[in-house]
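Each remark here refers to the structure printed beneath this line.
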Amino acid sequence: MIARIYQPAKTAMQSGRGNSDRWVLEFEATAARRIDPLMGWTSSDDTTANQVRLNFETKESAVKYAESRNIPYTLAETPEASPVPKAYSDNFAFRRRKPWTH
């Protein structure tokens, strides 16, 4: 039962970075999912991979939690995103390769 510690990305539905400063500990799936022959639903016997998700304030607290309970883990560092400066006037610049249309 290996855990994965990571910082979730921002949602695609909003431009803000809310709840992306927290760290998450999730367990990797140990068994493959199977399709139930009667209902056709996807099911699994492994409840830790599907239902356990722990949130932490810092990376250090998530690592400390995993180490205190002897849980093997992998740490996924999130690269820092650099902002791209944009201006409305760039739509009408002469250096633009394609003409601006609606």
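Sequential numbering from 83 applies to the sequence shown in the working numbering. From the three backbone atoms N, C-alpha and C, an ideal C-beta is built for every residue, glycine too.
Item, Value
"Helix, strand or coil at S97 [DSSP, three-state]", "coil"
"Three-state secondary structure (DSSP) of S248", "The question about residue 248 has no answer here: the residues shown for the chain are numbered 83 through 184."
"Assigned exposure category for F109 - 16 Cβ within 10 Å defines buried", "buried"
"C-beta contact flag for R115 and T124 at 7 Å", "yes"
"Within 7 Å, strictly: CB atoms of I46 and A144", "As shown, the chain starts at 83 and ends at 184. That puts residue 46 outside it, with no answer to give."
"Backbone CA spacing between S126 and T112 [nearest angstrom]", "10 Å"
"Length of the line joining the Cα atoms of G98 and T140", "20 Å"
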